[in-house]
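J.: Sequence order for the protein chains is V and F. 949 is the number of the first residue of the first sequence in my numbering; add one for each residue after it. 646 is the number of the first residue of the second sequence in my numbering; add one for each residue after it. We put the beta carbon where it would ideally sit given N, CA and C, even for glycine.
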Amino acid sequence: MAPSENDIAIVGFAQLPPERRTNLTESDLVLRSTREVIAQVGIDKSEIGFTVSGSCDYLSGQGFSFVQNTDAYGMVPAINESHVEMDGAWAMYEAYVRLLQGDIDIAMAVGVGKNSNSDPSTLFTVEFDPYYLTPLGTDTWTLAALQARALIDSGKATERDFAEVVARNRANAKSNPFAQVKGDYSVDELLAADYVRNPLRRHDLPPTTDQAAAVILARGKRAYDLCERPAWITGIDHRIEAHLPTVRKDITTSVSTRIAAEAAGVGKGPIDVAEIHAPFSFQELILCESLGLDASTEVNPSGGALAAHSVMTVGLIRVGEAANQIIKNGKNRTLAHTTSGPCLQQNLVCVLEGDQ
Amino acid sequence: MADTVQEFVFNLTFPFTRTLGTTLSTFSSALAQGQIIGVRTGGRVIAPPLEYDPDTAADSGNDWVRVGPKGTVSTWTWVPEPTNLHPLDHAFGFAFITLDGADTPMLHLVDAGSESAMAAGMRVEAKFKAPADCVGRIDDIIAFVPAADPSPSEGAGEPFVAPEENDITEMDAFCDLQYVDNASPTTIMWAKALMEGRIIGQKCPQCDRTIVGPRGMCSVCAIELDESHIVEVPGRGVVSNFTIVTPTPYPGQTETEPFARCSILLDGADAVIAQQEILDVPVSEIRVGIHVEVVWAPENERSAADIDNRSRGSGGDIIVGWRTTGEPDEPAARYLDRMM
Chain V
949 MAPSENDIAI VGFAQLPPER RTNLTESDLV LRSTREVIAQ VGIDKSEIGF
999 TVSGSCDYLS GQGFSFVQNT DAYGMVPAIN ESHVEMDGAW AMYEAYVRLL
1049 QGDIDIAMAV GVGKNSNSDP STLFTVEFDP YYLTPLGTDT WTLAALQARA
1099 LIDSGKATER DFAEVVARNR ANAKSNPFAQ VKGDYSVDEL LAADYVRNPL
1149 RRHDLPPTTD QAAAVILARG KRAYDLCERP AWITGIDHRI EAHLPTVRKD
1199 ITTSVSTRIA AEAAGVGKGP IDVAEIHAPF SFQELILCES LGLDASTEVN
1249 PSGGALAAHS VMTVGLIRVG EAANQIIKNG KNRTLAHTTS GPCLQQNLVC
1299 VLEGDQ
Chain F
646 MADTVQEFVF NLTFPFTRTL GTTLSTFSSA LAQGQIIGVR TGGRVIAPPL
696 EYDPDTAADS GNDWVRVGPK GTVSTWTWVP EPTNLHPLDH AFGFAFITLD
746 GADTPMLHLV DAGSESAMAA GMRVEAKFKA PADCVGRIDD IIAFVPAADP
796 SPSEGAGEPF VAPEENDITE MDAFCDLQYV DNASPTTIMW AKALMEGRII
846 GQKCPQCDRT IVGPRGMCSV CAIELDESHI VEVPGRGVVS NFTIVTPTPY
896 PGQTETEPFA RCSILLDGAD AVIAQQEILD VPVSEIRVGI HVEVVWAPEN
946 ERSAADIDNR SRGSGGDIIV GWRTTGEPDE PAARYLDRMM
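(1) Could you confirm whether any beta carbon from chain V is found closer than 8 Å to the beta carbon of Gly971 (chain F)?
(2) Strictly under 8 Å for the Cβ-Cβ distance: is Arg782 (chain F) near chain V by that measure?
(3) Buried or exposed: Arg663 (chain F), going by 16 or more other Cβ atoms within 10 Å of its Cβ?
(4) Bridge partners of Asp817 (chain F), per DSSP?
(5) Please state whether the Cβ-Cβ distance between Ser1258 (chain V) and Asn971 (chain V) is less than 8 Å.
(6) For chain V, check one thing: does any of its Cβ atoms lie closer than 8 Å to the Cβ of Met646 (chain F)?
(7) Does the stretch 858-868 of chain F come close enough to the stretch 969-987 of chain V to have 3 or more Cβ pairs within less than 8 Å?
(8) Would you mind listing the alpha helix (DSSP H) stretches within the stretch 1104-1157 of chain V that are 4+ residues and don't spill past its ends, in chain order?
(9) Buried or exposed for Leu1296 (chain V), going by 16 or more other Cβ atoms inside 10 Å?
(10) Where Leu1283 (chain V) and Gly1302 (chain V) are concerned, what is the direct C-alpha to C-alpha distance, given to the nearest angstrom?
(11) Relative to the C-alpha of Ile691 (chain F), which residue among V:Asn1280, V:Leu1192, V:Glu1237 is closest?
(12) In this structure, how does DSSP classify Gln927 (chain V) when only helix, strand and coil are distinguished?
(13) In three-state DSSP terms, what is Glu1033 (chain V)?
(14) Beta-carbon separation of Phe737 (chain F) and Pro727 (chain F) under 8 Å?
(15) Three Cβ pairs or more, each shorter than 8 Å: is that satisfied between the stretch 1189-1204 of chain V and the stretch 1004-1020 of chain V?
(16) Helix, strand or coil: which one does DSSP assign to Ser908 (chain F)?
(17) Against chain F, with Cβ distances strictly below 8 Å, would Val1045 (chain V) count as a contact?
(18) Where does the unbroken beta strand (DSSP E) through Asp1185 (chain V) begin, and where does it stop?
(19) Below 8 Å on C-beta distance, what does Gln1010 (chain V) contact in chain F?
(20) What residue range is occupied by the uninterrupted beta strand (DSSP E) comprising Phe773 (chain F)?
(21) Going straight from the alpha carbon of Lys1130 (chain V) to that of Thr891 (chain F), what length do you get?
(22) CB-CB under 6 Å to Asp756 (chain F), same chain, minus the five flanking residues each way: which ones, in chain order?
(23) Less than 8 Å between the CB atoms is what I'm expecting for Gly990 (chain V) and Gly1036 (chain V), so what's the real figure, rounded?
(24) With DSSP run on the structure shown, which of helix, strand or coil describes Ile682 (chain F)?
(25) For the stretch 696-726 of chain F, enumerate the residues whose C-beta is nearer than 8 Å to any C-beta of chain V, in chain order.
(26) Alpha carbons only, please: which of F:Met984, F:Leu981, F:Pro976, F:Ala949 is nearest the one belonging to Phe653 (chain F)?
(27) Name the chain V residues that come within less than 8 Å of Leu754 (chain F), Cβ to Cβ?
(28) Quick check on DSSP: helix, strand or coil for Glu946 (chain F)?
(29) How is the alpha helix (DSSP H) around Thr832 (chain F) delimited, first residue to last?
(30) Below 8 Å, can you find three or more Cβ-Cβ pairs linking the stretch 1042-1059 of chain V to the stretch 667-686 of chain F?
(31) Output needed for Met646 (chain F): all residues of its chain with C-beta closer than 6 Å, excluding positions within five of it in sequence on either side, in chain order.
(32) So if I threshold CB-CB distances at 9 Å, which residues from the stretch 1123-1150 of chain V count as touching chain F?
(33) In the DSSP assignment, what residue or residues form a beta bridge with Leu822 (chain F)?
(34) Is there at least one Cβ from chain F nearer than 8 Å to Asn1065 (chain V)'s Cβ?
(35) Going by DSSP, which residues form a beta bridge with Tyr993 (chain F)?
(36) Could you work out which residues of chain B lie near Leu977 (chain V), taking near to mean beta carbons separated by less than 8 Å?
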C-alpha cells in the first residue's frame, strides 16, 4: 500500500531477555532496550520526536522510578516525553496518537517491569476496589480462578483445555529465544499438579519476569527509511469494563475485547498470526472467542504471556512480536492484544498489516 | 565484599483514611448494624451497592434494598495457603455470592472447612464479627459459612430505610506490602567505595561529564557506563542548592524541627549529590556557595545497610554529613547549570 502521511507503522522492536530475577534496575533495563531499538533502525536519538514509557512504581517498590527511568533517554537538550501507568502497549498507543498530530515523524514507546521485587500474591490487592475487595486481601490469582471456575461451569472449557493451552504455549516457546518458560510437557503431567487456586495450577498462572522492551513507530513514507517492510497499524482500539468483576453480566466472555476487535477491524480480513496477552492460561480461550479468531490464525507462536510475563512489558512484546511477523517473517496481517485489570477488565486490540 | 548488602527487604506500609460518599456511607452504616444492603437501579439490585449503574453510568440513586444474610455461590475458588493480607489464617474459599434479594453477586470468603465442600449453588450465610468490633467495613463479615437452613433469608428484597445521617462516613485502611530489592552492580560499586572512605563517580567517554554517585549510565548521552569509567572525586565541594523542610507529623517521620537538605557539587563533578546534611551551619544560615567537606563515620561504625538502589548518591551510615571548610563562598557562576 502507498502510505498516506496519516499512516503509522511499527518499524523496530527490541526486547531484553526475560529473567526471573535481574540485578539491574528499571533504568538500566530501559537504557539497554532503547539503545538496542535505536541502533536497529539506524537513527540518532535526537531524531525521536516523542518518547513514552509504561511502568508502575508499585512493582519494583521504588517511588518515582518512572522519573529516574528517563535518565536512560539522555534528555539534554530537553525532549518531548510522557509516561503511562499501564503496560508499554498503551504507551505505544499514546505514541501512535501523538504521531497522528502530524508534526513529528518518529516516536519511541517503552515498557519496563522489574516484577521480581514484589510478591504477586499480595501486590495486586492494592489495584482492586478499595472498599469491597482490598480489605479482604483479594488477590489476582483468586479473581482469575473465579473466572476460570465460571468458564468450566458454563460448559465452555475444561481443566484439560487449560492444560492444553499451557502445553502448546510452552512448546511454541522453545523456538523463541526470549522465552523464560518453555519445553515439552504432557497434558496429563500438568494436570497432576496441585491447585494454587482451584481450578488453577501453577502452570495456569503467569511466570514472574523482569524485562523491558521498546518499539519505534514512524509516520508515512519516513517508515521506509527505517524499515524495509513496515508493520502498518491499520486498526487499534481500547475498551474498558466495570472495575468490579461482580457487576459484569458474564465473566466467561470478554465484551470489551469483542468491541475493541470490531472497532480495530479484525474481521475485515484473515489474521495470519495473533499475539494474545492471556496472563492466565484459560483466558486465551475466552480471548480467541471474543476476538472472533478461527483455526486459520496461528495463536502465540512466541509462547505468549505464559512464556514470559513482565507486567508493564508483556503487552508491548505482543505488539513487537506481531509486528516482527510482518517485518521479518513475511506475514501480511497480524493482531496484537493486551489486557489489564482483574478478569480481563481492559483490552487493547491492534491490527498490523504489511505491504502486499 | 561481605560488608556490602546484596538484598534489601523493605516494607511499604502506611495507614490512610478514605471518605465514603453517600452510597458507601449508607452501606457501611447499615453493615455495622449487621444489615447488608444493595441498591435498586436499572431494574436490578446491585449488592454491595455502587454509586453508579455500571451499564449506563447514571446515578444509581437511593432505592436501598435489604439483602442476605444468606446467599447462593455462583463461582468459587480455594486458597490453600492464605497470605498475610487474607482475613483468615487457615485454608478457605473465595466466592461470588448472590445474596437473597440481590441480582449481582458480591465477592467474599467462604469458611467451608474443606475444598470439597465448595460448589456452585451452595447456600451460605454471613458470619459477622461481634457487634462491638464492627466498623462498617466489608470485613465486618468474617466470612460466609454453609447455611444451616437453606431457606430464603427473612426480609430479603424489602426496602431499607436509611437514617437521615449516616453514622459512618470514613473507612480506615492500611497498605502493607513487602519488597525484596537486590543491589545493582552500580549500587554495589558505590557502597564498596564508601566503605573504603572513597567517593566515586563515572566519567562519560562521550561528553566528558563526571557523574557522582554513579548511575551506570550517562544521562546526557544515554550510554552505559561501567567499572572502567570510574573516577575518584574528592570529598570537597560547594553547596549548589538547598531546601528547608518543616516536618509535618506523618507515620514514619522522626524529625520534629526544621532541617536543611542540600545539593552538593563536588570538585571536578558535573552532577550534584542531593539530600545532604550540613552539620555545622544553623538552618537559618544555610546558603548556596558554602564550601564543605565530607565527614566520614569511624571505620568500625560504617554500614552499607541503607545504601540501596533507591538512594542514589546517598552516603547511608557511612557519611555522617558535611562540614564547612571556612573558605570564602564560591560565586554562583561556578556551580550553575549542573545536573541532578
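T.: For this structure:
(1) For Gly971 (chain F), the answer is no, since every Cβ of chain V falls outside 8 Å of its Cβ.
(2) It does; some Cβ of chain V falls within 8 Å.
(3) That one is exposed.
(4) Bridge partners of Asp817 (chain F): F:Thr662.
(5) No. Outside cutoff.
(6) In this prediction, Met646 (chain F) scores a pLDDT of 40, lower than 50, which makes its location untrustworthy; no coordinate-derived value is stated.
(7) Put simply, the stretch 858-868 of chain F touches the stretch 969-987 of chain V. At least three CB pairs are less than 8 Å apart.
(8) 1107-1121, 1135-1139, all fully within the stretch 1104-1157 of chain V.
(9) Classification for Leu1296 (chain V): buried.
(10) As the crow flies, the alpha-carbon of Leu1283 (chain V) is around 12 Å from that of Gly1302 (chain V).
(11) The shortest Cα separation from Ile691 (chain F) among V:Asn1280, V:Leu1192, V:Glu1237 belongs to V:Leu1192.
(12) Since the first residue shown for chain V is 949 and the last is 1304, residue 927 (chain V) is missing from the structure and cannot be characterised.
(13) In the structure shown, Glu1033 (chain V) sits in coil (DSSP, three-state: anything other than H, G, I, E or B).
(14) For the 8 Å CB-CB criterion, Phe737 (chain F) and Pro727 (chain F) form a contact.
(15) The count of Cβ pairs closer than 8 Å, one atom from the stretch 1189-1204 of chain V and one from the stretch 1004-1020 of chain V, stays below three, leaving the stretches out of contact.
(16) Reduced to three states, the DSSP call for Ser908 (chain F) is strand.
(17) So, not an interface residue.
(18) Per DSSP, the unbroken beta strand (DSSP E) holding Asp1185 (chain V) starts and ends at 1179-1188.
(19) The CB of Gln1010 (chain V) comes closer than 8 Å to the CB of Asp826, Asn954, Arg955 in chain F, given here in chain order.
(20) Looking at the DSSP string, the run of the beta strand (DSSP E) that includes Phe773 (chain F) is 768-773.
(21) Cα atoms of Lys1130 (chain V) and Thr891 (chain F): separation of roughly 54 Å, rounded to the nearest angstrom.
(22) Cβ neighbours of Asp756 (chain F) within its own chain (closer than 6 Å, five residues either side excluded): Phe737, Ala788, Val790.
(23) About 22 Å separates the two Cβ atoms, so there is no contact after all.
(24) Residue state, collapsed to three classes: strand.
(25) Contact residues of the stretch 696-726 of chain F toward chain V are Pro699, Ser719, Thr720, Trp721, Thr722, Trp723, Val724, Pro725 (C-beta to C-beta distance below 8 Å).
(26) Selected option, being the one with the closest Cα: F:Ala949.
(27) Under the 8 Å cutoff, chain V gives Leu1084.
(28) Glu946 (chain F): helix per DSSP, three-state reduction.
(29) Looking at the DSSP string, the run of the alpha helix (DSSP H) that includes Thr832 (chain F) is 830-840.
(30) Touching, no, given that fewer than three Cβ pairs across the two stretches are closer than 8 Å.
(31) Low local confidence applies: a pLDDT of 40 at Met646 (chain F) is under 50, so the model's placement there is unreliable, and no value is given.
(32) Under the 9 Å Cβ criterion, the stretch 1123-1150 of chain V contributes Asp1142, Tyr1143, Val1144, Arg1145, Asn1146, Pro1147, Leu1148.
(33) In the DSSP assignment, Leu822 (chain F) is bridged to F:Leu657.
(34) Yes, Asn1065 (chain V) lies at the interface with chain F (some Cβ there is under 8 Å from its Cβ).
(35) Here chain F covers residues 646 to 985 and nothing more, so residue 993 (chain F) does not appear.
(36) Structure shown: chain B not included; protein chains present are V and F.
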